[in-house]
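Number of protein chains: 2
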Amino acid sequence: MIEATAIDAVLRTLADPTRRAIFERVVSSDEITVVELTRGSSVTQGAISQHLKSLKQAGLVAERPEGRNVYYRAQPEGLVPLADWMSHYGVFWRERFANLKTLLKEIDP
Amino acid sequence: MIEATAIDAVLRTLADPTRRAIFERVVSSDEITVVELTRGSSVTQGAISQHLKSLKQAGLVAERPEGRNVYYRAQPEGLVPLADWMSHYGVFWRERFANLKTLLKEIDP
DNA sequence: AAAATACATTAGTAGATACTCATTGATTAG
DNA sequence: CTAATCAATGAGTATCTACTAATGTATTTT
Chain H
755 MIEATAIDAV LRTLADPTRR AIFERVVSSD EITVVELTRG SSVTQGAISQ HLKSLKQAGL
815 VAERPEGRNV YYRAQPEGLV PLADWMSHYG VFWRERFANL KTLLKEIDP
Chain X
755 MIEATAIDAV LRTLADPTRR AIFERVVSSD EITVVELTRG SSVTQGAISQ HLKSLKQAGL
815 VAERPEGRNV YYRAQPEGLV PLADWMSHYG VFWRERFANL KTLLKEIDP
């Protein structure tokens with residue numbers, strides 16, 4: 755059985771559009787600070803920090819404090835519970851997953 | 755860009771543990787009625803019907819009325835938005851394919 | 001040292017939502 | 001025909017949560 759608590763945390767965390775948008779911005783950038791995330795966002799800095807806390811607890815992001823800044827980066831292994839769940843319950847996911855494996859072989863034969 | 759509304763509906767629908775459990779039971783069985791789903795569940799029949807409505811609107815299940823019963827079955831193509839969203843981050847994984855190799859082994863050993 | 005900057009955290013609030021209970025509509029059984 | 005069963009829906013409620021505003025804690029700048 756898939757670990758219920760992990761998939762639960764990941765899905766619940768990604769379900770919120772604002773929080774998911776933050777995660778996507780973290781993914782798109784190598785590293786990004788809270789002020790940078792706050793700029794171009796419709797919510798306040800406090801909300802950003804709260805969402806980052808949720809993302810961190812779900813294992814989706816990691817932080818690197820440096821001086822008064824905190825750099826956030828994506829933690830891809832946090833998506834493993836979701837990928838695992840998909841492999842069980844998503845038939846079509848297997849095909850796309852096969853494509854991903856093909857892609858990887860092209861990159862690193 | 756991935757269609758925001760679809761991935762939003764799928765994630766929001768699957769985020770609730772009770773509703774996700776219902777979906778998993780529908781997936782596991784070929785076809786299943788509401789009474790069957792209600793048996794062995796901690797919530798009432800009304801709640802089950804409400805969750806099935808959400809799942810149907812998200813495109814995750816389909817129904818087949820027969821007499822006074824309604825048979826539900828999983829609609830795997832409803833997971834495509836989620837798979838697409840994951841694929842999008844497959845690109846992100848490619849940039850860090852060392853991690854991806856680890857992920858692949860964990861997901862599909 | 002004082003001011004400014006970066007981030008986290010708290011309290012309070014408005015809106016969302018998951019649930020129960022009751023009812024309704026439809027179909028089947030006695 | 002009447003009673004029972006299946007499922008959907010509505011009203012009402014309690015809980016959850018995403019948000020703002022304000023404050024706190026470091027750290028850096030001037």
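Chains H and X, in that order, give the protein sequences. Counting in the working numbering, the first sequence runs from 755 upward without gaps. Counting in the working numbering, the second sequence runs from 755 upward without gaps. Backbone N, C-alpha and C fix where the C-beta goes; we use that ideal spot for every residue, glycine too.
- About 6 Å separates the beta carbons of H/L814 and H/F777, which is inside the 8 Å limit, making them a contact pair.
- Ranking H/W839, H/Y825, H/S841 by CA distance to the CA of H/V789 puts H/Y825 first.
- For X/E778, the chain H residues whose C-beta falls within less than 8 Å of its own C-beta are Y843, listed in chain order.
- Under a criterion of Cβ atoms nearer than 8 Å, the residues of chain X adjacent to H/P771 are, in order, A758, D762.
- Relative to X/S808, the option among X/R822, X/L768, X/S841, X/L833 whose CA is nearest is X/L768.
- Contact with chain H is found for X/V781, since one of that chain's Cβ atoms lies less than 8 Å from the residue's Cβ.
- Between H/V780 and H/R822, the gap from beta carbon to beta carbon reaches 8 Å or more.
- Nearest Cα to H/I786 within the set H/A816, H/P771, H/R773: H/A816.
- The three-state reading of DSSP puts H/V781 in helix, counting H, G and I together.
- Assigned with DSSP and collapsed to three states, H/V834 falls in helix.
- As a beta-bridge residue in DSSP terms, X/I786 pairs with X/Y826.
- Under the Cβ criterion of 8 Å, X/A837 is counted among the residues facing chain H.
- Taking a 10 Å sphere around the C-beta of H/A758, we find fewer than 16 other C-beta atoms and assign the residue as exposed.
- Cα atoms of H/V797 and X/T792: separation of roughly 41 Å, rounded to the nearest angstrom.
- Around the beta-carbon of H/G832, 16 or more other beta-carbon atoms lie within 10 Å, marking it buried.
- Interface with chain H (8 Å Cβ-Cβ cutoff): X/R766 is included.
- When rounded, the separation of the alpha-carbon atoms in H/I761 and H/S783 is 25 Å.
- Nearest Cα to H/A801 within the set H/R818, H/D770, H/Y843: H/D770.
- For H/A816, DSSP records a beta bridge to H/R827.
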